[in-house]
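Counted the way this note's numbering counts, the sequence shown spans residues 1436 to 1705.
Cβ coordinates follow ideal geometry from the N, Cα and C atoms, glycine included.
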Amino acid sequence: MSESATGDDDSYELLIIGGGVAGLTAATFTARAGLTTLVVDHGESILRRNAHLENFPGFPAGVNPRLFADMLQAQATRNGAGYQQGLVEELSGSLDEGFVATVGAVGNADDRREISADRVLVASWSDVSYLDGVGVDIRDAGSKQYVEDDGLGRTNIKGIYAAGRIAERYHQAVIAAGDGAAAAITLIHDSETPFYNDWVVPEGYFTDRGREVPPGCEEIDAAEQQARQAASRAAMQEYFSEAHEERQRTHPSLVDDEKGRVDWDKEAAQ
Ligand SMILES: Cc1cc2nc3c(=O)[nH]c(=O)nc-3n(C[C@H](O)[C@H](O)[C@H](O)COP(=O)(O)OP(=O)(O)OC[C@H]3O[C@@H](n4cnc5c(N)ncnc54)[C@H](O)[C@@H]3O)c2cc1C
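Encoded structure:
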């Protein structure tokens, strides 16, 4: 079930509901800040329907969106976040008492469970019914519903934050990623975890000026820089060494398949 959970007995400082672009980016920031973070994800980021992601910074020739989603997950878990597949069905509790999420399994009806957390960040899309029990302000917009927030991720309920499409941000991956990071930093500050920018800097950047390395920052020497560069080159070469296997999805209304996958065999035969 858990691939790299970091809390004890299914209890975490932060539960992130939804492991798409916003949720996984948020998890990278909160885990790096030292909050025990678990992402529970139904596994259907809307980005997986994209054919080729060409406007995310850092990929000059674009990137397969399903590979990109996998890499976001790897980045979050590599930095210490836990990741579990599951569908959150209900959320209850408060900041004072703690929150409890009831999680239904994906593809295994027996695997229902409860997860406790001090704080919750919602980054799911697009069903908000699991929030009915906690009183989060919701905006109805026809067929869609959005969680209201203060622009920095705080909802009207203390301890519950929102990021990405569920918070009605623009519909681009880089916006969702940035919004996930912003909500995460808001949450880190509210949790009173010591934090300053999450920067990795060359040895001496702070200390040679008589400053302590601020919390959440790191100074690394030349050898460590080279080691990290080598590790990142090896990882990226592996990620891009072969075509991504997962089949393309399209809008579910276009294909007779609950996940809306393009039927490549049928396409090829036409
Ligand atoms: C066809 C298509 C093409 C696109 N192309 C581009 C593009 O080229 N460039 C670009 O910048 N953007 C593109 N986008 C938009 C981009 O994909 C979204 O803006 C972005 O994915 C939003 O991120 P998010 O984290 O808010 O939502 P998502 O990435 O959708 O993540 C939400 C996650 O929450 C999970 N979830 C939902 N409910 C629950 C629950 N109850 N419990 C647990 N998990 C749950 C979902 O399974 C999903 O993994 C495209 C979108 C589509 C549909």
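How many Å lie between N1632 and S1626 at the Cα?
In the sequence shown, counting from the first residue as 1, residue 1632 sits at position 197. In the sequence shown, counting from the first residue as 1, residue 1626 sits at position 191. Cα to Cα, the separation comes out at about 15 Å.
I'd like the span of the beta strand (DSSP E) that includes F1534, first residue to last.
Taking the first residue of the sequence shown as 1, we reach residue 1534 at position 99. In the DSSP assignment, F1534 falls within the beta strand (DSSP E) that extends over 1533-1539.
Is DSSP giving V1571 helix, strand or coil here?
Along the sequence shown, read from residue 1 onward, the residue named residue 1571 stands at position 136. Coil, per DSSP.
How about L1522: is its Cβ closer than 6 Å to a heavy atom in ligand 1?
Here residue 1522 refers to the residue found at position 87 of the sequence shown. The answer is yes for L1522.
Could you check if Y1447 belongs to the surroundings of ligand 1, using beta carbon to heavy atom distance under 6 Å?
Working through the sequence shown from its first residue, we reach residue 1447 at position 12. Not so, every heavy atom of ligand 1 lies at least 6 Å from the Cβ.
Hey, L1556 and Y1596: beta-carbon distance below 7 Å or not?
The count along the sequence shown starts at 1 and reaches residue 1556 at position 121. The count along the sequence shown starts at 1 and reaches residue 1596 at position 161. Y1596 is positioned such that its CB atom lies closer than 7 Å to that of L1556.
Alpha carbon to alpha carbon, how far is A1678 from A1440? Give it in angstroms, no decimals.
Your numbering for residue 1440 matches position 5 in the sequence shown. Your numbering for residue 1678 matches position 243 in the sequence shown. Caution applies to A1440, whose pLDDT of 42 falls short of 50 and renders its modelled position unreliable; the value that the coordinates give is listed next. Looking at the two C-alpha atoms, the distance is approximately 29 Å.
Who are the Cβ neighbours of R1548 in its own chain at under 6 Å, not counting the five residues just before and after it?
For this step, residue 1548 is matched to residue 113 along the sequence shown. Scanning its chain for C-beta atoms nearer than 6 Å, with the 5 sequence neighbours on each side dropped, one finds around R1548 the residues V1538, in chain order.
Confirm the yes/no value for this check: CB of H1484, any heavy atom of ligand 1, distance under 6 Å.
One-based indexing of the sequence shown puts residue 1484 at position 49. Reading off the sequence, residue 1484 comes out as Arg, not His. Correct: R1484 has its Cβ closer than 6 Å to ligand 1.
To which residues does DSSP link A1576 through a beta bridge?
Sequence index remark: in the sequence shown, residue 1576 carries index 141 (1-based). Per DSSP, K1579.
For R1646, does the three-state DSSP call read helix, strand or coil?
As a working mapping, residue 1646 is identified with position 211 in the sequence shown. Shown here, R1646 sits in coil according to DSSP, grouped into three states, outside any helix or strand.
Let me confirm a value: F1494 is counted as buried when at least 16 other C-beta atoms fall within 10 Å, else exposed. Which label applies?
Here residue 1494 refers to the residue found at position 59 of the sequence shown. Exposed: under 16 other Cβ atoms inside 10 Å.
With a cut-off of 8 Å, do at least 3 Cβ pairs link the stretch 1511-1531 to the stretch 1596-1613?
Counting Cβ pairs under 8 Å, fewer than three are found: no touch.
At a threshold of 6 Å, does D1692 count as lining ligand 1 (C-beta to nearest heavy atom)?
As a first step, residue 1692 is located in the sequence shown; it is residue number 257 there, counting from the start. Between ligand 1 and the CB of D1692, the shortest heavy atom gap is not smaller than 6 Å.
Here's a check: name, in chain order, each residue in its chain whose Cβ is nearer than 7 Å to the Cβ of W1699, leaving out the five neighbours to either side.
Translated into positions along the sequence shown, residue 1699 becomes position 264. If we look at W1699 and ignore the five residues flanking it on each side, its Cβ neighbours are R1682.
Return the residue from the list D1572, A1658, Q1510, I1623 that minimises the CA-CA distance to G1711.
Because residue 1711 is not part of the residues shown, which for the chain are 1436 to 1705, the question remains open.
Tell me the residue span of the beta strand (DSSP E) that contains V1472.
The sequence position of residue 1472 within the sequence shown is 37, counting from 1. Looking at the sequence provided, one finds Thr at residue 1472 rather than Val. It spans 1472-1476 - the beta strand (DSSP E) in which T1472 sits, taken as one unbroken run.
Look at A1462 and T1471 and say whether their C-beta atoms are less than 7 Å apart.
Along the sequence shown, one-based indexing puts residue 1462 at 27. Along the sequence shown, one-based indexing puts residue 1471 at 36. Cβ atoms of A1462 and T1471: not closer than 7 Å.
Helix, strand or coil at P1687 [DSSP, three-state]:
In the sequence shown, the residue the question calls residue 1687 occupies position 252. Note: P1687 maps to helix in three-state DSSP.
Three-state secondary structure (DSSP) at P1492?
Indexing the sequence shown from 1 puts residue 1492 at position 57. Coil, per DSSP.
From N1514, A1486, V1474, H1477, residue whose alpha carbon lies closest to that of R1467:
Residue 1467 sits at position 32 when you count from the first residue of the sequence shown. Answer by Cα proximity: N1514.
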